[in-house]
């Protein structure tokens, strides 16, 4: 390995390795380059700063948006967070829900495109990103997610809600104003079914929740707080992937309370700051993996929600598409060490 620059973490020489993920059931190939240093992991497509000229998400331009669902604080022009309908929704709330059990259909199946597709505007001010907000303000965004998920669950016509954030054009964001999205769908996605099946298999073999068991590996730990910890998962599919996991076993994200949301807000802010500093402000996605609505009580012991952050450092190519396996150029132990040493 070539010598590192002054003050830079030296990564150990490692041989290629194939690991299996105990949560998603994926195989991951770890193939570190011989001369790879932490400074080599920099985004080649960093998020540009933007100067808004006609952004409908900015305060004072509310009339240009799709209909509002609610705002925080309510009934005031000086809002801090708004939840609105997506102007170009992937699913339509004005259609009839498909019949129960459509996600279990065998063979080709067609149902109406019923569902909900919302946008969470995280700040009224265009230059501000989620990681710029105070920890308490990030926590308030998380509580807005919780409130909207609870509202969608109460409808009784949805089976799963996906909360996600696309940051940067390369990560799928079409608007530069800081925002995230919530989609409620009437079927359980295959990836969720696979995740639960894989976690059940581990639980049946060991008697342990595979997500609870993650905190036992200190080499993968990045930071922790009172109620959460941030790790580089053992079989990370992506370079510098981070999971933020509740310490206490919990199946449902929407059970998050105020104090835990504030705690999670601080840790999420710190992780986003570390990624921005180490990786040159890369595009990223984060997604919240939670349980389907009306989860059977027998599934609760092995279902554990968590937040996954994926910086965009490369592209999915033919090997990944053909095999479903991923190639990661940095071992998670090394990624965790680098991120531990990066200031927020």
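Residue numbers (the UniProt record's numbering): 1 to 344.
The beta carbon of each residue, even a glycine, is placed where N, CA and C say it ideally should be.
Exposed unless 16 or more other CB atoms sit within 10 angstroms - verdict on residue i
i	result
residue 265	buried
residue 244	buried
residue 358	Because the chain is modelled from 1 through 344, residue 358 falls outside the range shown and cannot be assessed.
residue 68	exposed
residue 335	buried
residue 78	exposed
residue 252	buried
residue 319	exposed
Residues near residue i in its chain [Cβ-Cβ closer than 7 Å; skip 5 each side]
i	result
residue 331	14, 30 and 32
residue 260	227
residue 229	215, 221, 245 and 247
residue 144	72, 81, 83 and 120
residue 189	160
residue 225	263, 266 and 267
Assumed close pair residue i, residue j - CB separation to whole angstroms, cut-off 8 Å
i	j	result
residue 345	residue 135	With the chain represented from 1 up to 344, any question about residue 345 goes unanswered, as that position is not in the structure.
residue 96	residue 116	That pair is no contact at about 14 Å.
residue 342	residue 274	5 Å
Own chain, CB closer than 6 Å to residue i, minus 5 neighbours either side, in chain order
i	result
residue 247	227
residue 177	55, 57 and 126
residue 242	230, 271 and 309
residue 327	29 and 31
residue 340	222
Distance, residue j Cα to residue i Cα
i	j	result
residue 87	residue 174	12 Å
residue 64	residue 17	52 Å
residue 234	residue 124	38 Å
residue 34	residue 314	Low local confidence applies: a pLDDT of 43 at residue 34 is under 50, so the model's placement there is unreliable, and no value is given.
residue 155	residue 329	44 Å
Residue i CB to nearest heavy atom of the ligand SAM below 7 Å
i	result
residue 282	What this structure holds is no ligand at all, so the ligand SAM is not there to describe.
In DSSP terms, what residue i is bridged to
i	result
residue 118	85 and 182
residue 224	229
residue 307	244 and 288
residue 70	83
residue 160	185
Sequence-distant residues of the same chain with beta carbon closer than 8 Å to residue i, five excluded per side
i	result
residue 299	196, 200, 251 and 291
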